[in-house]
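Scroll down for the structure; my scribbles are underneath it.
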Amino acid sequence: MYISRPVIAIIDDYEGFVPALDAYCMLNDALPNADIRVITRQPLDDAAVRQMRDVEYLVLIRERSQITAQFLDRLPVLRALVQTGTAGQAATSHIDQEACAQRGIAILEGGASDGHSAAEITWALVLNASRNVHHYMISMKQGSWQQGNPMGQIGRALHGQTLGILGYGRIGQLLGGYAKAFGMDVLVWGRENTRLAAQRTGARLADGRDALFEQSDVLALQMRMNAESRHSVTLRDLALMKPTSLLVNTGRPGLIEPGALVAALKVGRPGRVAVDVFDHEPVLQATELTESPRCTATPHIGYVERNSYELLFDAAFRKLIAYLNTAEVVDKPA
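Residue numbering for the sequence shown is 593 to 926, as defined by my numbering.
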């Protein structure tokens, strides 16, 4: 039933961007009597959760929080979770769906972003890592001039190199377009849809999965996360890569076998990695991976930009409004 003064919490808005969105204004206009709270703490601590005991509708920002049975028990009047982004099985692995069902908590699905923001951050990481940009920026701020490379290796232009893409879906095809604009060869591997897309876009299909790892100068992981792809990129796969190559993962951390990335960097195959996703987020302390001079890392910002936020939150908020409007209105005591 529709509560005329619903209590809504939007959690994990780390930088407080949500209230500045057009989508947030739309939500306020549609639900003028709602108690809407934006929580910026990272991660959620006990004090914040205690203040949420009266929350009825919880808006999640992608996979930033783990929604466990224990967490749900601390929100006794929660009626629905509102997921920004899609809510397929892989996309909601952070939600205990069985616990939600047992408690009668609905899971409302928003919608996907258009993929451009994820493709752009991937390409930014490729350029950054290939030319040692972040190292040079840091050293210049410290008063040095062309002294920024801790590995003693000169950067490499992308023109004439091979971009490998494992999983040639929407984002992978955007990356392929960027690569062609930079004069790169595009080599792909994946399921039947990848092969059909390769024919349609003019990308070159690798002779096999091993060949993709062996021949790529830059390799981007763009597979969907599912039972088959989870931990499917192993240390053996990484050992096939060139010592001069770059592996980029801006999709899902679970695609790579646990520990394989750090182990691979220690033996120098691939020579470098660039990552925007991590097994445990947020990463609030340096790790062996992020401390490596061979690693270029960003804090899962592939979708953190204005257009993506507007798309994600507009879809999620509209789903919440529709959900509320389909039920009987019940006034709570003032």
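Built from N, CA and C at the ideal position, the CB exists for glycine as well.
Owing to the predicted nature of the structure, the values given are computational and were not obtained by experimental measurement.
May I ask you to report which of helix, strand or coil DSSP gives G769?
Position 177 of the sequence shown, counted from the start, is the residue given in the question as residue 769. Helix.
So the candidates are G677, H686, I653, L673; which of them puts its Cα closest to the Cα of T660?
Sequence index remark: in the sequence shown, residue 660 carries index 68 (1-based). Comparing Cα positions, the closest option is H686.
What three-state label does DSSP hand V922 in the structure shown?
On the sequence shown, residue 922 is found 330 positions in, with the first residue counted as 1. At V922, the pLDDT of 44 sits below 50, so the modelled position is not reliable; the number obtained from the coordinates is stated separately. DSSP, reduced to helix, strand and coil, places V922 within a strand of the structure shown.
Within the continuous alpha helix (DSSP H) that includes T842, where are the two ends?
Start at 1 with the first residue of the sequence shown, and residue 842 comes out as number 250. Segment: none, T842 is in no alpha helix (DSSP H) and carries neither H nor E.
Do Q694 and G761 have their CB atoms nearer than 8 Å?
Walking along the sequence shown from the start, residue 694 turns up at place 102. Walking along the sequence shown from the start, residue 761 turns up at place 169. No, the Cβ-Cβ distance between Q694 and G761 is not below 8 Å.
Please report how far the alpha carbon of A812 lies from the alpha carbon of R597, in whole angstroms.
As a working note, residue 812 is residue 220 in the sequence shown. As a working note, residue 597 is residue 5 in the sequence shown. A straight line joining the alpha-carbon of A812 with that of R597 spans about 47 Å.
Does the Cβ-Cβ distance between L670 and I697 come in under 8 Å?
Sequence index remark: in the sequence shown, residue 670 carries index 78 (1-based). Sequence index remark: in the sequence shown, residue 697 carries index 105 (1-based). In contact: L670 and I697 (Cβ atoms closer than 8 Å).
Give every residue of the same chain whose Cβ lies closer than 7 Å to the Cβ of N724, excluding the five residues on either side of it in the sequence, and list them in chain order.
As a first step, residue 724 is located in the sequence shown; it is residue number 132 there, counting from the start. For N724, the CB contacts under 7 Å within the same chain, skipping 5 residues up- and downstream, are G740, N741, G747 in chain order.
Own chain, CB closer than 6 Å to I602, minus 5 neighbours either side, in chain order:
In the sequence shown, the residue the question calls residue 602 occupies position 10. Residues of the same chain with a CB within less than 6 Å of the CB of I602, apart from the 5 flanking positions on each side, are V610, V630, V651 in chain order.
What does the alpha-carbon distance come out to for the pair A711 and V869?
For this step, residue 711 is matched to residue 119 along the sequence shown. For this step, residue 869 is matched to residue 277 along the sequence shown. Distance between the alpha carbons of A711 and V869: 14 Å.
Using the three-state DSSP reduction, which class does Y915 fall into: helix, strand or coil?
Mapped onto the sequence shown, residue 915 falls at position 323. The three-state secondary structure of Y915, taken from DSSP, is helix.
Would you tell me roughly how many angstroms separate the C-alpha atoms of Q681 and S736, rounded to the nearest one?
On the sequence shown, position 89 is the one that residue 681 refers to. On the sequence shown, position 144 is the one that residue 736 refers to. Residue confidence for Q681 is low, a pLDDT of 48 falling below 50, so the modelled location carries little weight and cannot support an answer.
Taking all protein chains shown into account, do 16 or more other C-beta atoms lie within 10 angstroms of the C-beta of A790, making it buried, or fewer, making it exposed?
Here residue 790 refers to the residue found at position 198 when the sequence shown is read from its first residue. Under this definition A790 is a buried residue.
N- and C-terminal bounds of the alpha helix (DSSP H) containing V865:
Locating residue 865 in the sequence shown gives position 273, counting from the first residue. For V865, there is no enclosing alpha helix (DSSP H); the residue is found in the beta strand (DSSP E) stretching over 864 to 867.
Is the beta carbon of T888 less than 8 Å from the beta carbon of A771?
The residue labelled residue 888 in the question sits at position 296 within the sequence shown. The residue labelled residue 771 in the question sits at position 179 within the sequence shown. For the pair T888 and A771, the CB atoms are not nearer than the 8 Å cut-off.
For S705, the nearest candidate out of T826, E648, I763 (CA to CA):
If you number the sequence shown from 1, residue 705 lands on position 113. For S705, the nearest C-alpha among the options comes from I763.
Which same chain residues, not among the five before or five after A683, have their C-beta less than 7 Å away from its C-beta?
Here residue 683 is taken as the residue at index 91 of the sequence shown, counted from 1. Only weak support is given to the placement of A683: the predicted model assigns it a pLDDT of 49, under 50, and the question is left unresolved by the model.
Give, in chain order, every unbroken run of the alpha helix (DSSP H) that is at least 4 residues long and sits entirely within the stretch 614 to 686.
Fully contained in the stretch 614 to 686 are the following alpha helix (DSSP H) runs of length 4 or more, in chain order: 614 to 622, 638 to 642, 661 to 665.
Per DSSP, what are the beta-bridge partners of I600 in this structure?
Within the sequence shown, numbered from 1, the residue matching residue 600 stands at position 8. Partner residues in the beta bridge of I600, as assigned by DSSP, are I628, Y649.
I need the DSSP call for E701, collapsed to helix, strand or coil.
What you label residue 701 is simply residue 109 of the sequence shown in a count that begins at 1. The answer is strand: DSSP assigns E701 an E or B state.
For T888, list the residues DSSP reports as bridge partners.
On the sequence shown, residue 888 is found 296 positions in, with the first residue counted as 1. DSSP output for T888 lists A866 as bridge partner(s).
Measuring CA to CA, which of P862, D829, I628, N818 is closest to G843?
As a first step, residue 843 must be located in the sequence shown, where it is residue number 251. Closest by C-alpha distance to G843, out of P862, D829, I628, N818, is N818.
With 16 other CB atoms within 10 Å as the buried threshold, where does R792 fall?
Here residue 792 refers to the residue found at position 200 of the sequence shown. Counting every other CB atom within 10 Å of its CB across the protein chains shown gives R792 a total below 16, marking it as exposed.
Our contact map puts D829 next to P850 with C-beta atoms below 8 Å; I'd like the distance itself, whole angstroms only.
Walking along the sequence shown from the start, residue 829 turns up at place 237. Walking along the sequence shown from the start, residue 850 turns up at place 258. Contact flag wrong, Cβ pair sits at about 14 Å.
With a 10 Å radius around its C-beta and 16 neighbouring C-beta atoms as the bar for buried, classify N625 as buried or exposed.
In the sequence shown, residue 625 corresponds to position 33, counting from 1. Per the 10 Å Cβ criterion, exposed.
Could you tell me which whole beta strand (DSSP E) segments of length 3 or greater appear in the stretch 791 to 848?
Within the stretch 791 to 848, the complete beta strand (DSSP E) segments at least 3 residues long are 810 to 813, 838 to 841, listed from N- to C-terminus.
What's the call for A856, buried or exposed, on a 16-neighbour Cβ count within 10 Å?
The residue given as residue 856 occupies position 264 in the sequence shown. With 16 or more neighbouring CB atoms inside 10 Å of its own CB, A856 falls in the buried class.
Pull up the DSSP beta-bridge partners for G756, would you.
If you number the sequence shown from 1, residue 756 lands on position 164. DSSP lists L779, L811 as the beta-bridge partner residues of G756.
Bounding residues of the alpha helix (DSSP H) (the contiguous stretch that carries M732):
The sequence position of residue 732 within the sequence shown is 140, counting from 1. Annotation for M732: the continuous alpha helix (DSSP H) segment containing it runs 725 to 733.
So with Cβ pairs under 8 Å, would you call G843 a contact of chain C?
No chain C is present in this structure, which holds just one protein chain.
Mapping the DSSP letters down to three states, classify L750 as helix, strand or coil.
As a first step, residue 750 is located in the sequence shown; it is residue number 158 there, counting from the start. Coil.
Using DSSP with H/G/I as helix, E/B as strand and the rest coil, what is Q694?
The residue given as residue 694 occupies position 102 in the sequence shown. It is helical.
Within a Cβ cutoff of 6 Å, which residues of the same chain sit near A907, ignoring the five residues on either side of it in sequence?
Here residue 907 corresponds to residue number 315 of the sequence shown, with the count starting at 1. Excluding five sequence positions before and after A907, the CB atoms of its chain that fall closer than 6 Å to its own CB belong to G702, G703, given in chain order.
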